[in-house]
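*Asks:*
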Amino acid sequence: MKNSILKVNNMQQLHGWFLWFILFWVVFLVGSFAIGGFFMFRKFLKKMPKEDGKSVMDWEEHYVKESRHLWGPTEKALLEDLVSPVPELFRDVARHKIAGKIGELALSENAPQITEELVIRGYIQATPKRDHKFLRKKLFENRIDVAPYEHLF
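Numbering-wise (the working numbering), the sequence shown opens with residue 5 and increments by one.
(1) Taking all protein chains shown into account, do 16 or more other C-beta atoms lie within 10 angstroms of the C-beta of V31, making it buried, or fewer, making it exposed?
(2) What distance in whole Å lies between the Cβ atoms of E79 and P124, which are believed to be in contact at a cut-off of 8 angstroms?
(3) Within 10 angstroms of the Cβ of L10, are there 16 or more other Cβ atoms? Answer buried if so, exposed if not.
(4) Starting from the Cα of D62, find the closest Cα among H73, L74, F48 and give me that residue.
(5) Would Y153 pass as a contact of L83 if the rule is Cβ separation under 9 angstroms?
(6) Let me know the alpha helix (DSSP H) ranges lying completely inside the stretch 58 to 111, each 4 residues or longer, listed in chain order.
(7) Leaving out five residues on either side along the sequence, give the residues of the same chain with a beta carbon under 8 angstroms from the beta carbon of A115.
(8) Could you compute how far the alpha carbon of F144 sits from the alpha carbon of V150?
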């Protein structure tokens, strides 16, 4: 009887590569869920209504719709070029956020159309501080002088 109990206990222990595989898989799943949960929570917070009844994303959508007729093909191409360093997975979200900020600036200034200056100002204001070095590099590649926009960085 004692021998059979010892055999059962020995069979329940994990050994070698299978133990490492299970541990890796647990860490990978927990990490993936944590990262996904973080981004979902951020999106949830952006969808929460503010005091005025609209969320950050609602205002973003409003500014994009209201300023759509102000965009010209050269400004669209400039925005597309400025957004090109953003990874493909996040590019649509970044483009929409930046277009919303540019639209907000254009509507607040009653601009008759979107200009290069508005695109650059909106792009700088919509970009997080940690990405400003990439933005400066992209503006330098396009031979755009950043001196007039230095106060926005």
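Glycine is no exception: its CB is placed at the ideal position from the N, C-alpha and C atoms.
Note that the coordinates shown come from a computational prediction; the quantities given were computed from them, not determined experimentally.
*Replies:* Taking the structure as given:
(1) Exposed is the label assigned to V31, since fewer than 16 other Cβ atoms lie within 10 Å of its Cβ.
(2) Before going further, note that residue 124 is Ile rather than Pro in the sequence given. The pair is not a contact, with the Cβ atoms about 10 angstroms apart (cut-off 8 angstroms).
(3) Because L10 sits at a pLDDT of 48, beneath the cut-off of 50, its placement in the model cannot be relied upon, and the following sentence gives the value as read from the coordinates. So L10 ends up on the exposed side.
(4) Taking only the C-alpha atoms, the option nearest D62 is F48.
(5) No.
(6) Fully enclosed alpha helix (DSSP H) runs of 4 or longer: 60 to 71, 77 to 87.
(7) Result list for A115: L74, L109, L122, in chain order.
(8) When the Cα atoms are used, F144 and V150 turn out to be separated by approximately 8 angstroms.
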